[in-house]
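J.:
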Ligand SMILES: Nc1nc2c(ncn2[C@@H]2O[C@H](COP(=O)(O)OP(=O)(O)O)[C@@H](O)[C@H]2O)c(=O)[nH]1
Ligand SMILES: [Mg+2]
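Residue numbers (the numbering used here): 20 to 318.
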C-alpha cells in the first residue's frame, strides 16, 4: 500500500452541516430523517433527546419546538471514506422577531466547541423556505444576504407533500426568480460548459442545478409499507396513497443527501476554506465569547 493511500484510508474527513430558517418549517424533522437514514452510527451513540420529540398534534408542537441550538456528530462512511458528520440544529427564527438574528446568523456559522477540532466551520447551511409563500419574503432575502456572505447556502422547500406537482414547480420557479433578482449568491452547482455535455458528470450536475431549491418530505412516526412491494418505508400516509420519502419521484431528499455527503462534499469544504476562511478569522472572538453566544437563548 502506498503511503498516500494508507493516509487516505485512515484519514477522517470532517463535515459540518447546519439547518436555518423560521420555526416549524421542518428543520428538525429533516435532521431526524438524515440521522435515521444514515444508520451507521457508533453503537454507543444515543440520539439527542430533542431529536426524538415529535409533534403529531398541535399540543405536541410546543413541546417539540427546538428551543436551543444543539449539535451532534456521527461517524459515517461514504464510498470507503470515513466522515465525521456534525449536524447543527437551530431554533427557528420567530416570525416577527429578528432581534437575535444577527447573533444567530453570524455566530452559528461556526462550530467552535472543541478547540482541537481541525475544521470547525460550517461547510453547508440548508436554508428552509416557507412553502406557503410565493417565493422569498423580504425577511428571507435579508437573512439569505447575510448568510450567503459567510457560508455555502442551499435553499430548501420542506413539507413538499403539502403542494401539488404544479404548485411545487411554480414555487421553485418563483424562488429562483427571486434569488436571481435580488442577486443572492446561494451555492451554484457548477456546470462546466467548455467540456460540452458529453460528460456524464457534467450532465448530472446540470440536472442538480435545475432541482434547486431541493424539496424535502420528512416521514411521520408510523410503520408504513410500500403498497406495491410490502417493504417498510419512511413515509407519510394519505387517504389517497403513501409517500416514500426516499423515492426521488416524491422529493429530492436522496439527491440532496448525496450532494451533501458525497458528490459535492469536497467542493463545499474547498469553498469554505477559500472564500469564507478569512472572514471567519477576522470575526473570530475568544473561546469564551463564542461559547457564551452558543449558550444564549436564541429565540
Ligand atoms: N406534512 C408534513 N409535515 C411535516 C414535514 N416535516 C415536518 N412536518 C411537521 O411540521 C411540524 C414542525 O416540524 P419541525 O421539524 O419541528 O420544524 P422546525 O421548527 O423547523 O424544526 C411538525 O409537526 C412536523 O411533524 C413534512 O415533510 N410534511
Ligand atoms: Mg426545530
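Beta carbons: idealized from backbone N, C-alpha and C, even for Gly.
1) Taking 7 Å as the limit, tell me which residues put their C-beta closer than that to any heavy atom of ligand 2, in chain order.
2) If the criterion is Cβ atoms closer than 9 Å, does the pair residue 230 and residue 274 meet it?
3) Are there any heavy atoms of ligand 1 lying less than 8 Å away from the beta-carbon of residue 181, as far as the coordinates show?
4) Take residue 265 as the anchor and find which of 93, 98 and 57 has the nearest alpha-carbon.
5) Quick one: is residue 263 near chain B, going by C-beta distance under 9 Å?
6) Under 8 Å from any heavy atom of ligand 1, does the C-beta of residue 239 make it?
7) May I ask you to check if the CB of residue 40 is nearer than 8 Å to at least one heavy atom of ligand 1?
8) In three-state terms, what does DSSP make of residue 149?
9) Could you compute how far the alpha carbon of residue 182 sits from the alpha carbon of residue 189?
10) DSSP three-state call for residue 176: helix, strand or coil?
11) Among 89, 237 and 33, whose alpha-carbon lies nearest the alpha-carbon of residue 100?
12) Label residue 146 either buried or exposed according to how many other C-beta atoms from any shown protein chain fall within 10 Å of its C-beta, with 16 as the threshold for buried.
13) To the nearest whole angstrom, what separates the beta carbons of residue 236 and residue 179, a pair I think is in contact under 8 Å?
14) Measure the C-alpha to C-alpha separation of residue 95 and residue 283 and round it to an integer number of angstroms.
15) Residue 37 and residue 149: beta carbons closer than 9 Å?
16) Identify the residues that DSSP records as bridge partners of residue 102: which are they?
T.: Taking the geometry as given:
1) Taken from the N-terminal end onward, the list reads 42, 46, 47, 84, 85, 108, 110 and 111.
2) Contact flag set, yes.
3) Residue 181 Cβ: within cutoff of ligand 1.
4) Minimum Cα distance to residue 265 is reached at 57.
5) Absent here is chain B; the protein component of the structure consists of one chain.
6) Yes, since a heavy atom of ligand 1 falls inside the 8 Å radius drawn around the Cβ of residue 239.
7) The nearest non-hydrogen atom of ligand 1 is less than 8 Å from the C-beta of residue 40.
8) Coil.
9) Rounded to the nearest angstrom, the two C-alpha atoms are 10 Å apart.
10) In the structure shown, residue 176 sits in a strand (DSSP, three-state: E or B).
11) Distance check between residue 100 and each of 89, 237 and 33 places 33 closest, using alpha-carbon atoms only.
12) Around the Cβ of residue 146, a 10 Å sphere holds 16 or more other Cβ atoms; the residue is buried.
13) The beta carbons of residue 236 and residue 179 sit about 5 Å from each other, so the pair counts as a contact at 8 Å.
14) If you draw a straight line from the Cα of residue 95 to the Cα of residue 283, it is about 16 Å long.
15) No Cβ-Cβ contact shorter than 9 Å links residue 37 with residue 149.
16) DSSP, once it has assigned bridges, lists 32 and 95 as partnering residue 102.
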